[in-house]
Amino acid sequence: MGKEVEKAEKIDELYNSFLSREKLKQYKENGKKIIGTLCNNVPEEIIHSFGAVPARMLGLADSTELASSKIPTWVCLYTKRIMEDALRGDFDFLDGIVGMTSDDTKSQFYSAYTFYLKPEFSYLIQIPYVRDDLSLNFFRKELERFIAKLSEFIEEEFSEDRLAKSIAIYNEFRELLDELLALRHLDSPKLSGEDWLKILLSSTAMLKEDFNNSLPPVLAEIKDFEGYKDYKLRIHLSGTDFYDVEIVRMIESLGGLVVSDDLCTAEGYYKGIVEGFNLKDLAKRYLNQSACVLTAGLENLSIEDRLNFIGERLRESKADAIILLRDRGCEICGHQCPFILQEFGKMGIPTLILDLDSPYPTEQMRTRVEAFIESYG
Amino acid sequence: MEDLKLQEWNPLGYKTLYRNLFKKHLARQDELLKQGKKVGWFFSFHPSEIIYIFDVVPAFPEQYSAYAAARGSSVDLIDASITKGFGHFLCDYFKTTIGMIEEPEKATKPLMPKPDFIVDTRALCVAHHEMTEVFARKYGIPKYTVNYPYWTSDALGKVDELTKIPERVDELYMEYSIAKLKGLFEFMEKVSGTPFDEEKFKDVFETSEKTSKLLIDIAKLMMSKPTPGSQREIADLVFLGFFVLGSDYAYEFAEKGYEMIKERVKRKEGVVPEEKLRLLTFGIMPWHSLSLYEYCEMMGATFPVNLYVNASLHLCDAKNPWESMVRRSMHFTNSTYDLLDGVVENARKADLDGALLLENTGCRITSMIIHPLADVLQEELGIPSLILEAPQCDPRVMPLERAKTQVEAFVESLL
């Protein structure tokens, strides 16, 4: 039992750095530039190679009344929370932001954010939705364009060597997480979904080299743990920019165990090694992100890629069921949910949709999850 | 309330022109269908010239949905889409089209013909791309994607709101967009079975240029004092700007429409005898309740500027057809908000008193920009805005009577 407490404490220590943004503020005090990112597909390695700190922007506000005076009330929670934190001044420590044209909300939100908050530096990366040579070439050049603007802001020359080093650090981060992920796939998983999400979130709020140094002792504790045996249902979590640990805790308190996901904040964020050390390799990795919901090969549909990505996660993790976290304001969830339901329904995999909107109807969710787990567990 | 006594409404008379336009458009469609030509689905801001270059039958989910909303079937279709698991807060056009596919018996007839292929451009929204994927998967048909950038001021400098002529264009973005457009032409050759014909290409773009000039002139003349026409007529110009630019019938409409409005301006005749307020409007029109505009106009509040219509326009340059197609995407709704400057510059010429802005629930493009637009209009032109939540195909969110009351109060406060 003592071991378990120690493990939980170590994970919470990591998670607190996400909740407090303490490390980011420390970097800032030490003279580093902090660049907020508005999408998991922003190639953080580029920012990192300039000696700056890429920090995924995830709002922590419980209510969003300030945001609602600037953006529609029905857009996704992810956006509303960032706007709320920003308007409250909680992102004042950022030196700049980088967005991406990954979906309408993110493009328009980038505009709204820069319009109202006027960050010192901002750049919107144009991502193609097609994976062909033409688009890959364009994307590489677009990243060069981003590099030029960032270099001007940071007043530092771009260095290919430094980029290679940053790529190596990020690849190490991905390998460490793969090692951690494998522990979720065991018959007696050694890591809960709640702890997994906490660890992933902490990685978005510190330099990856610091994360890479902090993780091994935690990993050792996790490996020592005998594993969870008394769960009723292995669950795959599907969704987008989800990071509410409390919901995962609620699912797991009812006998579910979250063993895999395709979230933009977790497996969809870190999966995919950069195969090489130059800008083209980096462009390829980000354009080929199969968890990304919009890009696809010339003859393919991105929804097929996403279904394959989920299918792969289900096979690896031996998940029995899917819980689909559908942010009511998320256009991607809105368009793709029926296909996920249909596709995995055909395979006999039970799926539960939880509509997310603020405030969460926690008791209703609990009842539905409980019934789901009882039915299929 | 004496001030708000309803006046006699005197529209331009475009109704007959639209009737002829649709008749000719549908006749062409029927003829080509008989010949076994392929059907393509297209969205607003696509390069509509390709329809006429490759002799395909076009169908437009947005236009069909607007039609269904005007005819009253969109509510059932939206509900059908939600029943199938699609999200509440998606584009009304998407939900209405899904409803038409899933429950055709509830849909306004004629239905859109089934597509053989589909084209999406990110000239307005990523939602077009998302819905294209859904439709392509449902029908098992090929699709082509043109990835225009979401424009930023550092890529364009300033942009003229009506012509879409920018100060400059970042070469990287222009080259990539043109390369994708050339890919689209190859795709069109393949799916239509019609080889590319250089002469036809030239002809269609010449027609497009002539038409686009006239449409821009109509938008400019609408800013005259008093406002010469009604938004009930002007709003439909988007059909020409978005969908049939390049056709002879669009040119014929534009020629006649231009003459009619020119004459009226010459006579200094307005849409109502006494113009009391001049309002700007923006947002996709609530197709189910267009009479809201008529009602405002009858109260003496006219609309010399409709930014939604303006967004649909661009000055086509037949000598530079590829660049023209790209410029079509350089409207303020596909740009960062610092490019609202161009909107303000044009609106300043119209001597405005206020703005009626429509937040189209489910449309992130028109809705996210509403508050910044209202702020800019207040700061730069000193005019207040009324923001109404008004999805374009779902009257349940904006019942007409409630909207009228809100508009009345707004108008009263401005008088």
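Order-wise, the sequence lines are chains P and U. Just so we're aligned, residue 201 is where the first sequence starts under the working numbering, counting upward by one. Just so we're aligned, residue 73 is where the second sequence starts under the working numbering, counting upward by one. By construction, the Cβ of each residue, glycine as well, lies at the ideal position given by its N, Cα and C atoms.
Simplified DSSP state of residue i, which is helix, strand or coil
i: residue 215 of chain U; result: strand
i: residue 426 of chain U; result: strand
i: residue 380 of chain U; result: helix
i: residue 451 of chain P; result: helix
i: residue 396 of chain P; result: helix
i: residue 312 of chain P; result: helix
i: residue 323 of chain P; result: strand
i: residue 436 of chain P; result: strand
i: residue 431 of chain U; result: strand
i: residue 262 of chain P; result: coil
i: residue 98 of chain U; result: helix
i: residue 225 of chain U; result: helix
i: residue 218 of chain P; result: helix
i: residue 359 of chain P; result: coil
i: residue 73 of chain U; result: Low per-residue confidence applies at residue 73 of chain U: pLDDT is 48, beneath 50, and the placement is therefore not dependable enough to give any value.
i: residue 387 of chain U; result: coil
i: residue 350 of chain U; result: strand
Cβ of residue i within 8 Å of any chain U Cβ
i: residue 218 of chain P; result: no
i: residue 326 of chain P; result: yes
i: residue 271 of chain P; result: yes
i: residue 238 of chain P; result: no
i: residue 439 of chain P; result: no
i: residue 312 of chain P; result: yes
i: residue 564 of chain P; result: no
i: residue 304 of chain P; result: yes
Burial state of residue i, where buried means 16 or more other Cβ atoms lie within 10 Å
i: residue 390 of chain P; result: buried
i: residue 399 of chain U; result: buried
i: residue 436 of chain U; result: buried
i: residue 268 of chain U; result: exposed
i: residue 244 of chain P; result: buried
i: residue 280 of chain U; result: buried
i: residue 496 of chain P; result: buried
i: residue 143 of chain U; result: exposed
i: residue 205 of chain P; result: exposed
i: residue 153 of chain U; result: buried
i: residue 233 of chain P; result: buried
i: residue 238 of chain P; result: buried
Neighbour flag for residue i against chain P, beta carbons, 8 Å
i: residue 217 of chain U; result: yes
i: residue 198 of chain U; result: yes
i: residue 165 of chain U; result: no
i: residue 193 of chain U; result: no
i: residue 209 of chain U; result: yes
i: residue 478 of chain U; result: no
i: residue 94 of chain U; result: no
i: residue 314 of chain U; result: no
i: residue 251 of chain U; result: yes
i: residue 112 of chain U; result: no
i: residue 159 of chain U; result: yes
i: residue 380 of chain U; result: no
i: residue 73 of chain U; result: Its pLDDT being 48, under 50, residue 73 of chain U is placed unreliably by the model, and the measurement read from it follows with that caveat. It does not; no Cβ of chain P falls within 8 Å.
i: residue 374 of chain U; result: no
Under 8 Å between C-beta atoms of residue i and residue j
i: residue 377 of chain P; j: residue 448 of chain P; result: no
i: residue 141 of chain U; j: residue 465 of chain U; result: yes
i: residue 556 of chain P; j: residue 438 of chain P; result: no
i: residue 261 of chain P; j: residue 288 of chain P; result: yes
i: residue 161 of chain U; j: residue 434 of chain U; result: yes
i: residue 519 of chain P; j: residue 576 of chain P; result: no
Proximity winner among the options, relative to residue i (alpha-carbon distances)
i: residue 367 of chain U; options: U:227, U:343 and U:113; result: U:343
i: residue 106 of chain U; options: U:89, U:127, U:457 and U:459; result: U:127
i: residue 370 of chain U; options: U:346, U:379 and U:360; result: U:346
i: residue 461 of chain P; options: P:357, P:428, P:499 and P:392; result: P:392
i: residue 187 of chain U; options: U:173, U:116 and U:276; result: U:173
i: residue 401 of chain P; options: P:213, P:205 and P:477; result: P:213
i: residue 76 of chain U; options: U:450, U:394, U:405 and U:373; result: U:373
i: residue 453 of chain U; options: U:423, U:338, U:478 and U:254; result: U:423
i: residue 534 of chain P; options: U:167, U:87 and U:139; result: U:167
i: residue 85 of chain U; options: U:284, U:331 and U:170; result: U:331
i: residue 421 of chain P; options: P:410, P:221 and P:395; result: P:395
i: residue 452 of chain P; options: P:468, P:440 and P:435; result: P:435
Residues from the segment 327 to 339 of chain P in contact with chain B, defined by Cβ distance under 8 Å = Reference to chain B is not applicable here, since the protein chains of this structure are P and U.
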